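*Asks:* Residue numbers (our numbering), protein chains in the order written: chain A, 17 to 194; chain B, 55 to 219; chain C, 91 to 429.
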Amino acid sequence: MSFDLLNKLKMIKKTSRKAQIQMAETIAIIIVVMIILILGMIMYSKIKEQDLNKKKNQFNELDIVKLSQIVYNLPEIQCSFAEVADYGCIDKLKLKALAEIITNSYPSGKEYFYYKEIFGNSNISIQIIYPDNTVSEIELYHTDIKPKSVSIMRMPIIVLEPATDKTDFGVLIIKKFD
Amino acid sequence: MKKKNKAQMEIMGLVVIVVLVTLGFFFYIIFTAGKNNSSIKKDFEDDQLASNFVISFLKTDVGCKDYTIETLIQDCAGPSQNIECGGITSCDLIETLSQVYINNTLKKWGKDYNLTIEMPGSPVKESVSYERDCSASKYNVVSAWQPISLYPYKRTARVKLDICQ
Amino acid sequence: MKKAQLSMQFNWIFIFIVGAVILLFFLMVIRNQTKTANTELSITVKENLDTIIKSAESSPGVEKIIQMPQNNIEFTCDFDGIDTFSSYDFGNGVSQDTVYDTIFSQREVSGQSIISMTRSWDMPFKVGLFQYITTTNTQYLIVDDDVTSTTGLAEQLNNSLPKSIKKKIITQADTVSDEGFDRYVLIEFSNTPYQKTLPLRSKKLIVDVGGLNLDTYGSIKFSSESPTTTVGYVRTPALLGAIFSENSSFYNCNIKKAYWRLNVLYNLTKNRVDVLLNSFPSGTTDCGTIYQWVNSKLSDPQNLPNTKNEAQIQYSTYVDNLKRQNENLIRGNNCPLIY
Numbered sequence: 017m018s019f020d021l022l023n024k025l026k027m028i029k030k031t032s033r034k035a036q037i038q039m040a041e042t043i044a045i046i047i048v049v050m051i052i053l054i055l056g057m058i059m060y061s062k063i064k065e066q067d068l069n070k071k072k073n074q075f076n077e078l079d080i081v082k083l084s085q086i087v088y089n090l091p092e093i094q095c096s097f098a099e100v101a102d103y104g105c106i107d108k109l110k111l112k113a114l115a116e117i118i119t120n121s122y123p124s125g126k127e128y129f130y131y132k133e134i135f136g137n138s139n140i141s142i143q144i145i146y147p148d149n150t151v152s153e154i155e156l157y158h159t160d161i162k163p164k165s166v167s168i169m170r171m172p173i174i175v176l177e178p179a180t181d182k183t184d185f186g187v188l189i190i191k192k193f194d
Numbered sequence: 055m056k057k058k059n060k061a062q063m064e065i066m067g068l069v070v071i072v073v074l075v076t077l078g079f080f081f082y083i084i085f086t087a088g089k090n091n092s093s094i095k096k097d098f099e100d101d102q103l104a105s106n107f108v109i110s111f112l113k114t115d116v117g118c119k120d121y122t123i124e125t126l127i128q129d130c131a132g133p134s135q136n137i138e139c140g141g142i143t144s145c146d147l148i149e150t151l152s153q154v155y156i157n158n159t160l161k162k163w164g165k166d167y168n169l170t171i172e173m174p175g176s177p178v179k180e181s182v183s184y185e186r187d188c189s190a191s192k193y194n195v196v197s198a199w200q201p202i203s204l205y206p207y208k209r210t211a212r213v214k215l216d217i218c219q
Numbered sequence: 091m092k093k094a095q096l097s098m099q100f101n102w103i104f105i106f107i108v109g110a111v112i113l114l115f116f117l118m119v120i121r122n123q124t125k126t127a128n129t130e131l132s133i134t135v136k137e138n139l140d141t142i143i144k145s146a147e148s149s150p151g152v153e154k155i156i157q158m159p160q161n162n163i164e165f166t167c168d169f170d171g172i173d174t175f176s177s178y179d180f181g182n183g184v185s186q187d188t189v190y191d192t193i194f195s196q197r198e199v200s201g202q203s204i205i206s207m208t209r210s211w212d213m214p215f216k217v218g219l220f221q222y223i224t225t226t227n228t229q230y231l232i233v234d235d236d237v238t239s240t241t242g243l244a245e246q247l248n249n250s251l252p253k254s255i256k257k258k259i260i261t262q263a264d265t266v267s268d269e270g271f272d273r274y275v276l277i278e279f280s281n282t283p284y285q286k287t288l289p290l291r292s293k294k295l296i297v298d299v300g301g302l303n304l305d306t307y308g309s310i311k312f313s314s315e316s317p318t319t320t321v322g323y324v325r326t327p328a329l330l331g332a333i334f335s336e337n338s339s340f341y342n343c344n345i346k347k348a349y350w351r352l353n354v355l356y357n358l359t360k361n362r363v364d365v366l367l368n369s370f371p372s373g374t375t376d377c378g379t380i381y382q383w384v385n386s387k388l389s390d391p392q393n394l395p396n397t398k399n400e401a402q403i404q405y406s407t408y409v410d411n412l413k414r415q416n417e418n419l420i421r422g423n424n425c426p427l428i429y
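#1: Let's see if you can read the secondary structure: which residues bound the alpha helix (DSSP H) around N128 (chain C)?
#2: Assign G164 (chain B) to one of two classes, buried (16 or more other C-beta atoms within 10 Å of its C-beta) or exposed (fewer than that).
#3: Fully enclosed by the stretch 240-305 of chain C, which alpha helix (DSSP H) runs are 4 residues long or longer?
#4: Against F215 (chain C), what residues of chain A qualify as contacts under a CB-to-CB distance less than 7 Å, listed in chain order?
#5: Going by beta-carbon coordinates alone, are A244 (chain C) and F279 (chain C) separated by less than 8 Å?
#6: With DSSP as the reference, please indicate the residues paired to C218 (chain B) in a beta bridge.
#7: Under three-state DSSP, which class holds D234 (chain C)?
#8: Report yes or no: do the stretch 233-251 of chain C and the stretch 116-126 of chain A share at least 3 C-beta pairs separated by less than 8 Å?
#9: List, in order along the chain, the chain F residues whose C-beta lies closer than 9 Å to that of K182 (chain A)?
#10: The beta strand (DSSP E) with F215 (chain C) in it runs from where to where?
#11: Report buried or exposed for E99 (chain B), applying the criterion of at least 16 other Cβ atoms within 10 angstroms of its Cβ.
#12: Starting from Y155 (chain B) and walking both ways along the alpha helix (DSSP H), at which residues does that stretch end?
#13: For chain B, is any of its Cβ atoms less than 8 Å away from the one on L114 (chain A)?
#14: Pair every Cβ in the stretch 147-155 of chain B with every Cβ in the stretch 110-126 of chain B, then say whether three or more of these pairs are closer than 8 Å.
#15: Between Q202 (chain C) and R209 (chain C), what straight-line distance do the alpha-carbon atoms span, to the nearest angstrom?
#16: Inspect the beta-carbon positions of A211 (chain B) and I217 (chain B) and report whether they are closer than 8 Å.
#17: Assuming contact is defined by CB atoms lying nearer than 8 Å, are K179 (chain B) and E77 (chain A) in contact in what I supplied?
#18: Using three-state DSSP, classify I428 (chain C) as helix, strand or coil.
#19: Do L302 (chain C) and F97 (chain A) have their C-beta atoms closer together than 8 Å?
#20: Taking the C-alpha atoms as reference points, what is the distance between D432 (chain C) and G78 (chain B)?
#21: Counting C-beta neighbours from all protein chains within 10 Å, is the total for I174 (chain A) 16 or more, i.e. buried, or is it exposed?
#22: Give the C-beta separation of F334 (chain C) and T224 (chain C) to the nearest angstrom, bearing in mind that I take them to be a contact with Cβ-Cβ under 8 Å.
#23: Starting from T319 (chain C), trace the beta strand (DSSP E) both ways and give me its first and last residue.
#24: Opposite K311 (chain C) in the DSSP bridges: which residues?
#25: Give the residues from the stretch 115-138 of chain A that approach chain B closer than 7 Å (Cβ to any Cβ), ordered along the chain.
#26: Using a C-beta to C-beta distance shorter than 8 Å, which residues of chain A count as neighbours of R362 (chain C)?
#27: What residues from the stretch 142-160 of chain B come within 7 Å of chain A, judged by C-beta to C-beta, listed N to C?
#28: Quick check on the DSSP output: what are the complete beta strand (DSSP E) runs of length 3 or more inside the stretch 39-101 of chain A, in order along the chain?
#29: Are the stretch 243-262 of chain C and the stretch 188-198 of chain C in contact at 8 Å, needing three or more beta carbon pairs?
#30: For the alpha helix (DSSP H) holding Y184 (chain B), just list the boundary residues, first then last.
#31: Is it the case that the stretch 143-161 of chain A contacts the stretch 62-82 of chain B, given that we only count it when at least three CB pairs across the two stretches are under 8 Å?
#32: Within a Cβ cutoff of 7 Å, which residues of the same chain sit near S165 (chain A), ignoring the five residues on either side of it in sequence?
#33: Inspect the CB distances between the stretch 121-136 of chain C and the stretch 167-174 of chain C and report whether three or more fall short of 8 Å.
#34: Is E92 (chain A) close to chain C? Criterion is C-beta to C-beta, closer than 8 Å.
#35: Let me know if N101 (chain C) comes out buried or exposed under the rule of 16 or more other beta-carbons within 10 Å of its beta-carbon.
#36: Would E336 (chain C) pass as a contact of Q221 (chain C) if the rule is Cβ separation under 8 Å?
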């Protein structure tokens, strides 16, 4: 009788241990699956972040390309003969006149705000290189901000002096700030 | 016992696969992080630089009467050189001015370039070239060129600029 | 047994709750991802459209058909009496300000093909590019003003409109039926009124050309609006702006931007002529006499209200005079030009 009881107790203990092991197994599986899921989500978010940064850089580069196109084709400073615009040429007198208008309305005039909407956070200037190796620079527009980064675009251009009809080699320098 | 061993081996196999896949993802992320992605600005900048430089270079006044660099090239490529500015011939002036404009632009900006002015039939110089680290076999090359008519002579001069990336 | 049954039921309840929580979690993740993906798409489309619009600055007169993913773009232009505020919006909080761009379009543009055209507005020098945006879901109808010839105003207007839009010339006797377009725009000239009924979703413009041809000046009456509004135009690009605009206030808002730029350019030109006058003084050269006249007149247009009908005649006359003086500078005087 007592032997039977002992055997029964042993069976119960064995079954209980087996159940405990099984529970531990299940819990371990759940933990491992959760870890894998979490790792997967972290990796996915890192990849997404990479992708977004890549797009952000692309859009920043597109911005400076767009700005360069706008300035290059700006009717306010573009050379023209009668009504025909001359691409790749800047009229020095128009340039100086526009620079004066922008400077005079800085920082709270309507003209400055208008051109600020167009040019954004950037510095735009034209460097003129003369045959005697001297260089002069005319600043068209600037903003006073502390930039985190600068992207520079340089475009060779002709600078026309209308009074004398002389053309000088110039460089349109656009510095875009982030 | 054999069945137990087989099941255990299977589990180990699965664990190895999971570990390998995870490592693979990590390496992928590390690899893509180091990659230089965008070149929209660079491609556009070099493309317009080459073409705008050539056009502006040719239209530039040399500060002597109404002559432009294009006029000097036409004179230098002709059978006789008639243009002289301050005692300097057209061919010498082309060399001097090319150096001025290249030094203040392409060289100053750290670009690798090859500017060639071809003047076939010129008794002085048939070709003038300025180069900086621009061997075509090494780099991607963005080129722009402009022909110059040498009328009434049946020849054409050419100005070519290669920007090496 | 009872304990076992109870624990079994609790087990199942536990499973359902945990299952529901996990399902809910994944549904939220999917919803967020869909929203992010839509926003990303809108941003990409916006950047691409903005690049296309900006690059059009270098190519006037060009027609483009822009293929886009199915998207609704809302164009707005509001004038508060002092400043204009204009932008286009893709929804999802993605929008682009268009302070610089003069874009004439319907308020809402949807579909996969967007037609864009640019025209240079010259007064007489280039002031800027007008951009027109429409879709193939809009029908443009021009009432013929001279059925006997091919050089009438209707024909001139038809030739000015983009080739890729749905347009046709109709007579006063023709009936316009609903052919399934989203919008109908009818343009008639003051001497040939169109009396028949138009489909719903129609816009009717009555153009009164003041000069000898379309490319001069005139007035445009938005007769389908209540109350009817009349605006003025100078040169064909401005007329096209009224045709493509949603309504008169949209047109007025954009044309104000253009006139503001025009005033800046007149100022610039005046400063430029001042410097030229120093190099070629009046009385000593023929150039100087012309510069003197131009200089004295350049402030005039800035005092004109730029959307009133009467002002258009004066603007147009001024532009013609400036053009004539510039041509005088070319003819035999060898003077630097005004523009």
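Note that CB positions come from ideal geometry on N, CA and C, so glycine has one too. Remember, predicted model here, so these are calculated numbers, not experimental data.
*Replies:* Per the coordinate set shown:
#1: 92-145
#2: exposed
#3: 243-250
#4: S96, E99
#5: yes
#6: B:D166, B:V195
#7: coil
#8: no
#9: No chain F is present in this structure, whose protein chains are A, B and C.
#10: Where F215 (chain C) is concerned, there is no enclosing beta strand (DSSP E), given that its DSSP letter is neither H nor E.
#11: buried
#12: 144-158
#13: no
#14: yes
#15: 23 Å
#16: no
#17: no
#18: coil
#19: no
#20: The displayed coordinates of chain C run from 91 to 429. Any statement about residue 432 (chain C) would go beyond what the structure contains.
#21: buried
#22: 6 Å
#23: 319-324
#24: C:I296, C:T320
#25: none
#26: D107, L109, K110, A113, P178
#27: L151, V154, Y155, N158, T159
#28: 94-97
#29: no
#30: Looking at the DSSP string, Y184 (chain B) is not in any alpha helix (DSSP H); the run it does join, the beta strand (DSSP E), is 181-186.
#31: no
#32: D194
#33: no
#34: yes
#35: exposed
#36: no
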